[in-house]
Each structure stands twice: as structure tokens, then as C-alpha cells.
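Let me begin by presenting the structure, written as C-alpha cells, before commenting on it.
2 protein chains.
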Amino acid sequence: MAPTRQRTPTEIALIGRHTQQRSVVLAAFIRADGFVGAQALHAQLAADGTPVGLSTVYRTLTRLAGAGRADLVRDTGGERLFRYRPGPDHRHYLICTECGLSHPVDSAPIEDWADGIAQDSGFANVRHTVELTGVCPDCGGGQAATERQ
Amino acid sequence: MAPTRQRTPTEIALIGRHTQQRSVVLAAFIRADGFVGAQALHAQLAADGTPVGLSTVYRTLTRLAGAGRADLVRDTGGERLFRYRPGPDHRHYLICTECGLSHPVDSAPIEDWADGIAQDSGFANVRHTVELTGVCPDCGGGQAATERQ
DNA sequence: CATTGATCTGAAAATCATTCCCATCTAGCG
DNA sequence: CGCTAGATGGGAATGATTTTCAGATCAATG
Numbered sequence: 001m002a003p004t005r006q007r008t009p010t011e012i013a014l015i016g017r018h019t020q021q022r023s024v025v026l027a028a029f030i031r032a033d034g035f036v037g038a039q040a041l042h043a044q045l046a047a048d049g050t051p052v053g054l055s056t057v058y059r060t061l062t063r064l065a066g067a068g069r070a071d072l073v074r075d076t077g078g079e080r081l082f083r084y085r086p087g088p089d090h091r092h093y094l095i096c097t098e099c100g101l102s103h104p105v106d107s108a109p110i111e112d113w114a115d116g117i118a119q120d121s122g123f124a125n126v127r128h129t130v131e132l133t134g135v136c137p138d139c140g141g142g143q144a145a146t147e148r149q
Numbered sequence: 150m151a152p153t154r155q156r157t158p159t160e161i162a163l164i165g166r167h168t169q170q171r172s173v174v175l176a177a178f179i180r181a182d183g184f185v186g187a188q189a190l191h192a193q194l195a196a197d198g199t200p201v202g203l204s205t206v207y208r209t210l211t212r213l214a215g216a217g218r219a220d221l222v223r224d225t226g227g228e229r230l231f232r233y234r235p236g237p238d239h240r241h242y243l244i245c246t247e248c249g250l251s252h253p254v255d256s257a258p259i260e261d262w263a264d265g266i267a268q269d270s271g272f273a274n275v276r277h278t279v280e281l282t283g284v285c286p287d288c289g290g291g292q293a294a295t296e297r298q
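Residue numbers (my numbering), protein chains in the order written: chain A, 1 to 149; chain B, 150 to 298.
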């Protein structure tokens, strides 16, 4: 863990020209370490004293997702949440609806299942999105949470 | 036009008072037989000569979903698509991104997997959303569809 | 059958995330 | 250093969904 030198994210090369704004957005995105919305990231950047235009945040996140370096889900309000993905494989998470804590889960069964479906159905280019939500132990998971809403 | 008496769908009782508008919306919703957006349903109703306010369509669909009689997904544009669910159990579908064809899939493995996750994680009230998309055989599923985007 | 209060409806206005527009900048190359 | 395709930003535009609220309806009751 000696890396004194600032890494020049290879990610940026994937999405076009290397600019200051993109560096800053990417750094904050990685630092966020979990699902973040474009609006939240934009606000965070402003708070950090490195304001970047909202359009630019959207553009950057959208491109990262397009390049496969970000996972994308929708929260219940319809907002798009992005999560940085370092490697090529994607993962699935169990997200706490109370505090936002995300808990990675073993998704091998899902991958296999989805692959099987793809085979059997004759569909091509099958993709899947899996969202698991719940209430984590800290937020009252122990207590019998009702199934409201 | 013999049926002087209109059938009184039991679904309506689940979501409140029985009104003409709700009957009409529900009938069209069931007739749609697949995923529909509130806007599309609203337009369909107008075309059918039984216009209903957009707010009412939204309210009815939202309540049906809340009562567990409708499944809900988001299309890539962020629009909410509802699908009538006759029974109490929910299902998962493989949806063609080209023509919208929906193909029910065996979701037992997913249910089991999700239940297992709920157990192991300690989270309560775990819910899951699974979306499978692909290109059906009729729309070119045979051809090696690339994995763009 | 008339009354009545709770519920529902709908048109328009309000929200809100996201995208578009476009004048202005800037990386990166020659 | 000078050029130019690509990038930025902020404000306006879009589009789905929600809210508002006055008037219409429902359904239980007198």
C-alpha cells in the first residue's frame, strides 16, 4: 500500500477524454462505496469544494454504466442509483431500506438460474436485474417487521 | 349490450369504494394482459370512449399494486409498468426488449434463494425484484445478439 | 325515498429526476 | 503555440408521477 502516486484511473480512458471534472466525479463515486444517486454525488462534490455541473455528473455516471464500470438500480422513488464496479463481474446486494447499508450476497445461484432460463427460452442477450431489500438487524431486523406498504 | 348488470370485480373491494371509473380501469387493465404503463392505459381508455382522468388511473393502479393485485417493473426510461396478477403469488417474467412479449419463467429457485438470503443475513422483511430481459426468437433471438450497452 | 358525510374524481398546478441546448472552454495532437 | 473535436455548465425543457381542492358520487341510514 505504498501508492504515493495518484492513480490515473484507467476508467476515464474508457469513457472519452480525461478532464478534471471526470477525475473528481470518479474519485467521489469510488469513495462513495455503495449506491449513490447523481443528485447526491453532485451535492457531495459541491460540499467537498469541488463543484461539478449536474449535467457532467449525469454524463459521467451514464458513461461509466455504459462502459460496464457501474451497476445501476432504481430506488422506489424512481431515482437511478449507481454503484462503482471495479471488476468485470457484477454482484447483487441486499439493501437495507432504512439505512441504505448494502450487503453483498452470493449470487451464483441466480447467475446459473438466469443462464438456464436463457437456454430454455430461446431468448438472446438475456440480462437480469435483481434487487433485494429488507431491514437490517441494526435497524430493527430482529423485530418482526411488518409488511407495510 | 344485454348485460344490464355490470360485474362487480372483487378486486375493487380491496382498494376502496366501487365506482364506474375503477370498473373501467380495472377491466382495461385486465384486458391489456401484459405490462402496461399508466399513460398507455389512460390513452387506451380515451380511445375506447370511456375516458378516465389520468390521476384516477394512477390511483387505481397504485392501489392495486399496494393490494398485491398488480406486479410492477420499471422500463428503461423510468416509466412504471403494471401487470395484472390474478392470484396471490407473484411471478417473474422474461421480457423481450424489442416487442414487449413477456414469457413467464419458473421462479421457484429464486424464491428459495431469496428466502435463504433472508435467513442468513438476519435482515427482516426481505423482498425481491427480478427483471429478466432479452430478445425473443421472433425478434432475432436466433442471431448472435451482441452484448452491447 | 331523502339525507348526509366520507370518499372519489379530474383538471390543472406542482414536483422531481433527467435530458437537452448552446455558448464557452480545454485536452491533446501537430 | 495554435487548432479543433470533445467537454462543460447552467438554465430551460421534458415527461412521468403526485398533489390540490372544489365539485360529483357512493352507500349507509333516517
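Beta carbons are placed, not taken as given, at the ideal position from N, Cα and C, and that holds for glycine. Quick caveat, the model's predicted, so the values are computed rather than measured.
CB contact below 9 Å: residue i versus chain B
i: S121/A; result: yes
i: H42/A; result: no
i: H90/A; result: no
i: R69/A; result: no
i: A118/A; result: yes
i: G87/A; result: no
i: V24/A; result: no
i: G140/A; result: yes
Proximal chain B residues relative to residue i, where beta-carbon distance stays under 8 Å
i: L81/A; result: Within chain B, no residue comes near L81/A; the closest Cβ sits about 12 Å away, beyond 8 Å.
i: A114/A; result: L281
Local conformation of residue i per DSSP, three classes
i: P235/B; result: coil
i: S102/A; result: strand
i: D71/A; result: strand
i: G134/A; result: strand
i: I244/B; result: strand
i: T159/B; result: helix
i: G227/B; result: coil
i: H191/B; result: helix
Neighbour list for residue i in chain A, Cβ cutoff strictly below 9 Å
i: H167/B; result: Those within 9 Å of H167/B in chain A number zero; the least Cβ separation is about 24 Å.
Rounded distance between the beta-carbons of residue j and residue i, thought under 8 Å
i: H92/A; j: L64/A; result: So it is not a contact: roughly 19 Å between Cβ atoms.
i: L81/A; j: I266/B; result: At roughly 20 Å, the Cβ-Cβ gap does not stay under 8 Å, so L81/A and I266/B are not in contact.
i: G37/A; j: A273/B; result: Contact flag wrong, Cβ pair sits at about 25 Å.
i: V24/A; j: L45/A; result: 6 Å
i: R232/B; j: L163/B; result: So it is not a contact: roughly 17 Å between Cβ atoms.
i: F35/A; j: S102/A; result: 6 Å
Chain A contact residues for residue i, given Cβ-Cβ distances below 8 Å
i: G227/B; result: R74, G78, R80
i: L243/B; result: I117, S121, F123, V126
i: V201/B; result: Under the 8 Å cutoff, chain A gives no residues; its nearest Cβ is about 23 Å from V201/B.
Min CB distance residue i to chain A below 9 Å
i: I164/B; result: no
i: E280/B; result: yes
i: G283/B; result: yes
i: V206/B; result: no
i: V185/B; result: no
i: P258/B; result: yes
i: D182/B; result: no
Contact set between residue i and chain B, taken where Cβ atoms lie within less than 7 Å
i: C99/A; result: Those within 7 Å of C99/A in chain B number zero; the least Cβ separation is about 11 Å.
Sequence-distant residues of the same chain with beta carbon closer than 6 Å to residue i, five excluded per side
i: Q21/A; result: V52, T56
i: P104/A; result: R91, Y93
i: H128/A; result: A114
i: H167/B; result: I161
i: T50/A; result: V24
i: R5/A; result: Its pLDDT being 40, under 50, R5/A is placed unreliably by the model, and the measurement read from it follows with that caveat. Nothing listed; no residue qualifies.
Under 9 Å from the C-beta of residue i: neighbouring residues of chain B
i: P137/A; result: S270, G271, F272, A273
Close beta carbons around residue i, own chain, < 8 Å, minus the five adjacent residues each side
i: Y207/B; result: A187
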